[in-house]
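Heads up, the thing below is written out as structure tokens.
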Ligand SMILES: [Mg+2]
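Numbering (my numbering), first residue to last: 1450 to 1726.
So this is what it looks like as structure tokens:
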């Protein structure tokens, strides 16, 4: 038997074994991880993802150029008392927006594991994530137009030093404590956005999750959140740039829910059963 056939047979036997060991949490983790492998492959290794990032950041740049021109025109037309003198700002998320964590996801699948906080900390402690395509150019362009950049992330406050190191090693602008707002308890970014808006006029948000723009997108109970997109379409069009992330997110949590890997796997199976034709 050829080596490839032996490996394929072993994998199949492993899968068959896993199907009969439904009580094993490890098997559920492996099955869930396996379900995400196409998404991780796409994000990590496809030229399509690469181009989509570049294209989206190109679009973000053109949006910022329009804001810049509009601001200049408004400055000339408005007397000094009527002009909003707050400095301009761009707000970006970090993970899968400016830093690419797909190597962490590849490793998790290789080991048949789902997201694990300790594994994640091991990865972020290394501070070796690469920049997402187009992110550095866009943020340097933002800086050149007079915008400050704020990083609002749900990385934990304990990941501050490694995150700053990773960002500054890659040459990202404003990679300092004043411009990095990490998670201190709640994943809801509303208060942190408000803190930036208190001193700056935010002209653009960039993220890989709709919640990077508005917390109302956490609720996916009605048409998986699509109604909320329709309702907020104007402000999304004006202020929000969305990058692709098929690996994880609120969209998946809405189906998998919380709990053990076994519970999540059971909900996924049920969802596919209920939504096929
Ligand atoms: Mg993100």
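Here a beta-carbon is modelled for each residue, glycine too, at the ideal position from N, C-alpha and C.
All values reported here derive from a predicted model rather than from experimental measurement.
Asked: DSSP three-state assignment for residue 1578, whether helix, strand or coil; Found: coil
Asked: Sufficient close CB pairs (3 or more, under 8 Å) joining the region 1477-1484 to the region 1554-1561; Found: yes
Asked: Local conformation of residue 1482 per DSSP, three classes; Found: helix
Asked: Segment contact, 8 Å Cβ cut-off, at least three pairs: the region 1694-1707 with the region 1626-1645; Found: no
Asked: 8 Å Cβ cutoff met for residue 1690 and residue 1655; Found: yes
Asked: Exposure label - residue 1662; buried when at least 16 CB within 10 Å; Found: buried
Asked: Of the residues 1607, 1650 and 1598, the one placed nearest residue 1627, counting alpha carbons only; Found: 1598
Asked: Beta-carbon contacts of residue 1650 that lie in its chain and below 8 Å, excluding the five residues immediately before and after; Found: 1533, 1535, 1536, 1537 and 1538
Asked: Rounded straight-line distance, which links the Cα of residue 1550 to that of residue 1609; Found: 16 Å
Asked: Residues of its chain near residue 1660, where Cβ-Cβ distance is below 6 Å and the 5 sequence neighbours each way are ignored; Found: 1666, 1667 and 1699
Asked: Residue closest to residue 1553, alpha-carbon to alpha-carbon, out of 1541, 1670 and 1567; Found: 1567
Asked: Close beta carbons around residue 1548, own chain, < 6 Å, minus the five adjacent residues each side; Found: 1578
Asked: Cross-strand partners of residue 1597 (DSSP beta bridge); Found: 1538
Asked: Neighbourhood of ligand 1 [Cβ distance below 7 Å to any heavy atom], ordered by chain position; Found: 1542, 1543, 1544, 1545, 1546, 1656, 1657, 1658, 1661 and 1694
Asked: Whole-angstrom distance between residue 1574 and residue 1604, CA atom to CA atom; Found: 12 Å
Asked: Cβ neighbours of residue 1470 in the same chain (closer than 8 Å, five flanking residues each side left out); Found: With a pLDDT of 42 at residue 1470, under the threshold of 50, the modelled position of that residue is not reliable, and no figure is offered here.
Asked: Residue 1721, buried or exposed, once every other Cβ within 10 Å from all chains shown has been counted against 16; Found: exposed
Asked: Option nearest residue 1673 by Cα separation, candidates 1686, 1705 and 1646; Found: 1705
Asked: Cα-Cα separation between residue 1518 and residue 1582, rounded to whole angstroms; Found: 26 Å
Asked: Cβ pair residue 1600, residue 1629 closer than 8 Å; Found: yes
Asked: Cβ-based burial, residue 1498 [other Cβ within 10 Å; buried from 16]; Found: buried
Asked: Pairwise C-alpha distance: residue 1695 and residue 1680; Found: 23 Å
Asked: Residue burial classification, residue 1606 (beta-carbon count within 10 angstroms, cutoff 16); Found: exposed
Asked: Option in 1693, 1718, 1707 and 1716 with minimal Cα separation from residue 1489; Found: 1693
Asked: Start-end ranges of the alpha helix (DSSP H) lying completely within the region 1486-1524, minimum 4 residues; Found: 1486-1494
Asked: Counterpart residues of residue 1629 in DSSP-defined beta bridges; Found: 1600
Asked: Segments of 3+ residues assigned as beta strand (DSSP E) that fall wholly inside the region 1630-1701; Found: 1650-1656 and 1689-1691
Asked: Residues near residue 1614 in its chain [Cβ-Cβ closer than 6 Å; skip 5 each side]; Found: 1576
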